[in-house]
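Trainee:
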Amino acid sequence: MTSSARLSRAFKNAKILPFDDSSKIILFSDCHRGDSSFADEFANNRNIYFHALRHYFNEGYTYCELGDGDELWENLNFDSIFTAHKNVYKLLKQFHLEKRLHMIWGNHDMVYKDPLYVKKNLSSYFEPIDDCNKELFEDITYHEAIILKHKNSGQELFLTHGHQADWWNYTFWRWGRFLVRVLWKPLQVWGIADPTSPAKNYKELIKIERRIKKWILANNEMLTIAGHTHRPRFPAPGEIPFFNDGSCVHPRSITGLEIQKGTIALIKWEIATKDDGTLQIVRILLDGPQQLISYNKAKS
1 MTSSARLSRA FKNAKILPFD DSSKIILFSD CHRGDSSFAD EFANNRNIYF
51 HALRHYFNEG YTYCELGDGD ELWENLNFDS IFTAHKNVYK LLKQFHLEKR
101 LHMIWGNHDM VYKDPLYVKK NLSSYFEPID DCNKELFEDI TYHEAIILKH
151 KNSGQELFLT HGHQADWWNY TFWRWGRFLV RVLWKPLQVW GIADPTSPAK
201 NYKELIKIER RIKKWILANN EMLTIAGHTH RPRFPAPGEI PFFNDGSCVH
251 PRSITGLEIQ KGTIALIKWE IATKDDGTLQ IVRILLDGPQ QLISYNKAKS
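Using UniProt numbering, the first residue of the sequence shown is number 1, and each one after it goes up by one.
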C-alpha cells in the first residue's frame, strides 16, 4: 500500500469532531513519555509540559494528541511510564472525564490501535497507597485520524500522526520497535541518535513531508496537521496547507498548535529567566494567529 493510500484510508476512517469559533483546542504530539531513565527524552521537558497542560485545562481547551504520546518502543509496558509521570496522567484523566481528550496513535504507540490492549492497560492503574485499582482512561478510544469539522463553514481539518507517509515506521514498526528497544535505547544514553527516526534523519524527513504535501494537493488542498517529524510547520495562506505541531522533546522547549476563535497559531513553551534570576515557564507565539478560513480552497 502506498503512502497516499494509507493517508486516504486514515482520512476515510477518521473520527469526526465538530467545532466552531467558540471552541478552544490544543494540539500536541510526539511527547514520547518514557520511564524517566536517561533514555527518556520527555523527562527534560515534563515540568514545562505539565505547566502548559494545566494552563489549557484551566482555560477550557480540548486536548488532541497526534500520536507518539507514550514511548512504547523503548519501554515494555505502560506501567513504568505511568509511574514516572503520574501527575501528567492524572491531569490527562481530568480532560478525559470532561470529554475534552482525543487521542491518535502513532508508530511509537501503535499498539493502541488495538482496543483490547487499550482497555487492558489504560482503563485503570494500581494505587499502592490505597492498595487498590483506580480508574484512569475508562472507555477511551484511540484513532488513526481525527477530522475537525467546522459546524458553520463545513471546513475540515485532517489530524493524523503522519507516519502513514513513512513506509518503514508504518509497515515495519515492530522491527523498528525491536531495534530501538534492543540496540538504540542503550546507545541513546551515550548520545548516539536512532537513524530510524525521521526527526534525526533530515533526508528522510524531507521525503515524508513531500509525500504528505503530494497527498494534500491530490485531495483538494485539505488542511492537514501532523507530527512524526518533530519539525514545526506553519504555512502562509496560499501555500500548501501542511501544518506540523513539532514535538514535546525539543531541547528545553515544547511546541504545539492552538485553535481558537476560528484561528490557528504555532506556540512554544519554554523556561525563561526573569531579571532577578528566578526561572519561569512562558508561552511564546511563534507564528499566527491566522484565520482557518483563509486556508479553505473553494470547492469546484
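Yeah, the Cβ is synthetic: ideal placement off N, Cα and C, and Gly gets one too.
What you are looking at is a predicted structure, and each value in this text was computed from that prediction instead of being measured.
So, helix, strand or coil for proline 115, using DSSP?
Mentor: Here residue 115 refers to the residue found at position 115 when the sequence shown is read from its first residue. Correct three-state label for proline 115: helix.
Trainee: Along the chain, where does the alpha helix (DSSP H) that runs through phenylalanine 78 open and close?
Mentor: For the purposes of this step, residue 78 is identified with residue 78 of the sequence shown, where counting begins at 1. Here the alpha helix (DSSP H) through phenylalanine 78 covers 78-84.
Trainee: On the CB-based measure, 16 or more other CB atoms within 10 Å of its CB, does lysine 297 come out buried or exposed?
Mentor: Sequence index remark: in the sequence shown, residue 297 carries index 297 (1-based). So lysine 297 counts as exposed.
Trainee: If you compare alpha carbons, which of Tyr112, Leu159 and Tyr89 is closest to lysine 134?
Mentor: Taking the sequence shown and counting its residues from 1, one reaches residue 134 at position 134. Of the candidates Tyr112, Leu159 and Tyr89, the one whose C-alpha sits nearest the C-alpha of lysine 134 is Tyr89.
Trainee: Relative to the alpha-carbon of tyrosine 295, which residue among Trp73, Pro115 and Glu156 has its alpha-carbon at the smallest distance?
Mentor: Within the sequence shown, the letter at position 295 stands for residue 295. Checking every option, the nearest Cα to that of tyrosine 295 belongs to Glu156.
Trainee: Taking isoleucine 104 and histidine 161 to be in contact with their CB atoms under 8 Å, please state how far apart those CB atoms are, rounded to whole angstroms.
Mentor: Locating residue 104 in the sequence shown gives position 104, where the first residue counts as 1. Locating residue 161 in the sequence shown gives position 161, where the first residue counts as 1. Indeed, because the Cβ distance is near 6 Å, the residues count as touching under 8 Å.
Trainee: Could you say which of Asp131, Tyr117, Arg252 and Leu148 lies nearest to glutamate 138 if we only look at CA atoms?
Mentor: The residue you call residue 138 lines up with position 138 of the sequence shown. It is Tyr117 whose Cα lies nearest to the Cα of glutamate 138.
Trainee: Based on the DSSP secondary-structure assignment, which residues constitute the bridge partners of histidine 250?
Mentor: If you number the sequence shown from 1, residue 250 lands on position 250. Beta-bridge pairing links histidine 250 to Ser253.
Trainee: Rounded to the nearest angstrom, what separates glutamate 74 and lysine 93 at their Cα positions?
Mentor: Residue 74 sits at position 74 when you count from the first residue of the sequence shown. Residue 93 sits at position 93 when you count from the first residue of the sequence shown. Going from the Cα of glutamate 74 to the Cα of lysine 93 covers about 24 Å.
Trainee: Between the alpha carbons of leucine 122 and glutamate 98, how many angstroms are there, rounded?
Mentor: Here the question's residue 122 lines up with position 122 in the sequence shown. Here the question's residue 98 lines up with position 98 in the sequence shown. Between leucine 122 and glutamate 98, the C-alpha separation is close to 17 Å.
Trainee: Inspect the beta-carbon positions of aspartate 245 and leucine 27 and report whether they are closer than 8 Å.
Mentor: Here residue 245 is taken as the residue at index 245 of the sequence shown, counted from 1. Here residue 27 is taken as the residue at index 27 of the sequence shown, counted from 1. It is a contact, given that the beta carbons lie within the stated cut-off.
Trainee: Can you tell me the Cβ-Cβ gap for arginine 33 and histidine 85, rounded? I've got them flagged as a contact below 8 Å.
Mentor: Translated into the one-based positions of the sequence shown, residue 33 becomes position 33. Translated into the one-based positions of the sequence shown, residue 85 becomes position 85. Rounded, the Cβ-Cβ distance is 5 Å, consistent with contact.
Trainee: Hey, quick one: how far does the beta strand (DSSP E) through tyrosine 63 stretch, first residue to last?
Mentor: The sequence position of residue 63 within the sequence shown is 63, counting from 1. Here the beta strand (DSSP E) through tyrosine 63 covers 62-66.
Trainee: Given a cut-off of 8 Å, decide if serine 4 and alanine 218 are closer than it, judged by their beta-carbon atoms.
Mentor: In the sequence shown, counting from the first residue as 1, residue 218 sits at position 218. In the sequence shown, counting from the first residue as 1, residue 4 sits at position 4. The answer is yes: Cβ separation under 8 Å.
Trainee: Spell out whether any CB of chain D is found under 8 Å from the CB atom of glutamate 71.
Mentor: As a matter of chain content, chain D is missing from the structure shown, which is built from one protein chain.
Trainee: By DSSP's criteria, histidine 150 is part of a beta bridge. Which residues make up the other side?
Mentor: On the sequence shown, position 150 is the one that residue 150 refers to. DSSP, once it has assigned bridges, lists Phe19 as partnering histidine 150.
Trainee: Using a Cβ-Cβ cutoff of less than 6 Å, which residues in the same chain neighbour cysteine 31 once the five nearest sequence positions on both sides are dropped?
Mentor: Walking along the sequence shown from the start, residue 31 turns up at place 31. Same-chain partners within the cutoff: Phe42, Gly69 and Cys248.
Trainee: What's the call for tyrosine 202, buried or exposed, on a 16-neighbour Cβ count within 10 Å?
Mentor: As a position in the sequence shown, residue 202 is number 202, starting the count at 1. Exposed.
Trainee: Is glycine 256 buried or exposed, if buried means 16 or more other CB atoms sit within 10 Å of its CB?
Mentor: Position 256 of the sequence shown holds residue 256. Buried: at least 16 other Cβ atoms inside 10 Å.
Trainee: Starting from leucine 159 and walking both ways along the beta strand (DSSP E), at which residues does that stretch end?
Mentor: If you number the sequence shown from 1, residue 159 lands on position 159. Taken as a continuous stretch (DSSP letters only), the beta strand (DSSP E) holding leucine 159 covers 156-160.
Trainee: Roughly how many angstroms separate the alpha carbons of aspartate 109 and lysine 12, rounded to a whole number?
Mentor: Taking the sequence shown and counting its residues from 1, the one referred to as residue 109 is at position 109. Taking the sequence shown and counting its residues from 1, the one referred to as residue 12 is at position 12. The straight-line gap from Cα to Cα measures roughly 21 Å.
Trainee: How many angstroms separate the CA atom of proline 232 from the CA atom of proline 115?
Mentor: Position 232 of the sequence shown, counted from the start, is the residue given in the question as residue 232. Position 115 of the sequence shown, counted from the start, is the residue given in the question as residue 115. The alpha-carbon atoms of proline 232 and proline 115 are separated by roughly 30 Å.
Trainee: Grouping DSSP H, G and I as helix and E and B as strand, with all else coil, what is alanine 39?
Mentor: Locating residue 39 in the sequence shown gives position 39, where the first residue counts as 1. In the three-state reduction of the DSSP assignment, alanine 39 falls in the coil class.
Trainee: Any idea if threonine 141 is buried or exposed, counting beta-carbon neighbours within 10 angstroms, 16 or more meaning buried?
Mentor: Residue 141 sits at position 141 when you count from the first residue of the sequence shown. Within a 10 Å sphere around the beta-carbon of threonine 141 sit fewer than 16 other beta-carbons, which makes this residue exposed.
Trainee: So phenylalanine 234 and aspartate 166 are in contact, right, with Cβ under 8 Å, and what is the actual spacing, rounded?
Mentor: As a first step, residue 234 is located in the sequence shown; it is residue number 234 there, counting from the start. As a first step, residue 166 is located in the sequence shown; it is residue number 166 there, counting from the start. With 8 Å as the limit, phenylalanine 234 and aspartate 166 do not qualify as a contact, their Cβ atoms being about 21 Å apart.
Trainee: Give the DSSP-derived three-state secondary structure of isoleucine 216 in the structure shown.
Mentor: As a working note, residue 216 is residue 216 in the sequence shown. Look at isoleucine 216 here: in three-state DSSP terms it is helix.
Trainee: Taking all protein chains shown into account, decide if asparagine 77 is buried (16 or more other Cβ within 10 angstroms of its Cβ) or exposed.
Mentor: The residue labelled residue 77 in the question sits at position 77 within the sequence shown. Asparagine 77 should be labelled exposed.
Trainee: Around the C-beta of residue 313, are 16 or more other C-beta atoms found within 10 angstroms, so that it is buried, or is it exposed?
Mentor: Because the chain in this structure spans residues 1 to 300, residue 313 falls outside the shown range and cannot be described.
Trainee: Find the nearest neighbour of glutamate 127 within the set Asp79, Ile284, Glu144 and His96, judged by alpha-carbon distance.
Mentor: Position 127 of the sequence shown, counted from the start, is the residue given in the question as residue 127. Ranking the options by Cα distance to glutamate 127, first place goes to Asp79.
Trainee: Report the rounded CA-to-CA distance for aspartate 130 versus asparagine 107, giving the unit in angstroms.
Mentor: If you number the sequence shown from 1, residue 130 lands on position 130. If you number the sequence shown from 1, residue 107 lands on position 107. Cα-Cα distance, rounded: 35 Å.
Trainee: Can you name the residues that DSSP bridges to methionine 103?
Mentor: Position 103 of the sequence shown, counted from the first residue, corresponds to residue 103. Bridge partners of methionine 103: Glu65 and Tyr142.
Trainee: Which residue from Phe242, Phe95 and Asp20 puts its Cα closest to that of phenylalanine 158?
Mentor: To locate residue 158, count along the sequence shown from 1; it is residue 158. Comparing Cα-Cα distances from phenylalanine 158 to each of Phe242, Phe95 and Asp20, the minimum goes to Phe242.
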